[in-house]
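A.B. asks: Residue numbers (this note's numbering): 71 to 304. We treat Cβ as the ideally placed atom computed from N, Cα and C, and that holds for glycine. Since the model is a prediction, treat every value here as computed from it, not as a measurement. This is the structure, below, for whatever I ask next.
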Ligand SMILES: NC(=O)c1ccc[n+]([C@@H]2O[C@H](COP(=O)([O-])OP(=O)(O)OC[C@H]3O[C@@H](n4cnc5c(N)ncnc54)[C@H](OP(=O)(O)O)[C@@H]3O)[C@@H](O)[C@H]2O)c1
């Protein structure tokens, strides 16, 4: 039976690169993003990459109705073994200092980067428990460092990491990983550095083997950095 995975935010960037790799490895996939046109284009590419079934549902991960539909669709493809909470928002660009971070913007960042992945995890847990599956929450070095401007996004990733840490203690039958993928040449990274040349950052596909190693080798639940998993600098 094919393994089945759900990856949020897979129309571009790291999520799409991961989806293409898992498809090539034979997984069934359910993916999402808000922009239906970009998602349809990504679905076609992911579908062409492998023999499994690929379902794409357009929607906002912060919408509870969309989350329920997404997890149902994924569980309908087979035993759900892997959930990757990858969809995320940076918040306002340019990144504001904490002193003038608008609370309404922070609330939106927390809804997408903390509440939504929690909702996905809660909906998926019964399936993951049954199959001794894996939950991956994509985090960032901004969760643990004090970079100027990164207070809102960093606080959201720090909260996601602490939810992951406690969940890992509570769910010994499920692998829970919170993962820093390192800098990548993506739209989010460009939005963080508007107008700057980010062409020296690695392509997201180069970071994917680190995550695949986690999924395949199933080390203990915990915080992992892709650069350590790959043995190369981020
Ligand atoms: N790039 C880096 O340097 C870097 C570094 C550390 C951590 N990360 C983390 O890595 C992950 C992937 O980031 P990335 O750089 O690949 O970002 P990206 O290229 O901007 O891609 C983000 C993906 O998520 C989707 N998305 C965003 N908001 C969504 C929402 N509310 N609902 C559903 N889908 C949504 C986007 O599509 P739509 O816009 O159409 O919804 C897109 O498919 C994120 O968790 C990010 O925080 C990135």
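Can you give me the Cβ contacts of residue 264 inside the same chain, cut-off strictly under 7 Å, excluding the 5 residues immediately before and after it?
C.D. replies: As a first step, residue 264 must be located in the chain shown, where it is residue number 194. Excluding positions up to five away in sequence, the list reads 163, 164.
A.B. asks: In whole angstroms, give me the CA-to-CA distance for residue 172 and residue 95.
C.D. replies: Position 102 of the chain shown holds residue 172. Position 25 of the chain shown holds residue 95. One C-alpha to the other measures close to 43 Å.
A.B. asks: State yes or no: is the C-beta of residue 311 nearer than 7 Å to some heavy atom of ligand 1?
C.D. replies: Any property of residue 311 remains undetermined from this structure, which presents the chain solely from 71 to 304.
A.B. asks: Determine, using beta carbons only, whether residue 79 and residue 103 come nearer to each other than 8 Å.
C.D. replies: The residue labelled residue 79 in the question sits at position 9 within the chain shown. The residue labelled residue 103 in the question sits at position 33 within the chain shown. Yes, they are a contact pair.
A.B. asks: Mapping DSSP to helix, strand and coil, what is residue 155?
C.D. replies: Position 85 of the chain shown, counted from the start, is the residue given in the question as residue 155. It is a strand residue.
A.B. asks: Unbroken alpha helix (DSSP H) runs of length 4 or more, entirely within the region 108-185: which are they?
C.D. replies: You should have 134-145, 173-180.
A.B. asks: Three-state secondary structure (DSSP) at residue 221?
C.D. replies: One-based indexing of the chain shown puts residue 221 at position 151. In this structure, residue 221 counts as helix in the three-state DSSP scheme.
A.B. asks: Using a threshold of 8 Å, state whether the C-beta atoms of residue 155 and residue 123 are closer than that.
C.D. replies: On the chain shown, position 85 is the one that residue 155 refers to. On the chain shown, position 53 is the one that residue 123 refers to. No, the Cβ-Cβ distance between residue 155 and residue 123 is not below 8 Å.
A.B. asks: For the alpha helix (DSSP H) containing residue 285, list its first residue and its last residue.
C.D. replies: Mapped onto the chain shown, residue 285 falls at position 215. It spans 278-287 - the alpha helix (DSSP H) in which residue 285 sits, taken as one unbroken run.
A.B. asks: Out of 235, 209, 148, 247, state which residue places its alpha-carbon closest to the alpha-carbon of residue 223.
C.D. replies: Within the chain shown, numbered from 1, the residue matching residue 223 stands at position 153. Of 235, 209, 148, 247, the residue nearest in Cα terms is 209.
A.B. asks: Just curious, the alpha helix (DSSP H) that residue 216 is in, first and last residue?
C.D. replies: Walking along the chain shown from the start, residue 216 turns up at place 146. Note, residue 216: premise wrong, no alpha helix (DSSP H); not H, not E.
A.B. asks: Reducing DSSP to helix, strand and coil, say where residue 250 ends up.
C.D. replies: For the purposes of this step, residue 250 is taken as the residue at position 180 of the chain shown. Three-state result, residue 250: strand.
A.B. asks: Which of the three DSSP states is assigned to residue 85 in this structure?
C.D. replies: Translated into the one-based positions of the chain shown, residue 85 becomes position 15. If DSSP states are grouped into helix, strand and coil, residue 85 belongs with the helices.
A.B. asks: Alpha carbon to alpha carbon, how far is residue 303 from residue 280?
C.D. replies: The sequence position of residue 303 within the chain shown is 233, counting from 1. The sequence position of residue 280 within the chain shown is 210, counting from 1. Summary for residue 303: the model assigns pLDDT 49, below 50, so the residue's position carries little reliability; its value from the coordinates is reported in the next sentence. Those two C-alpha atoms are separated by around 12 Å.
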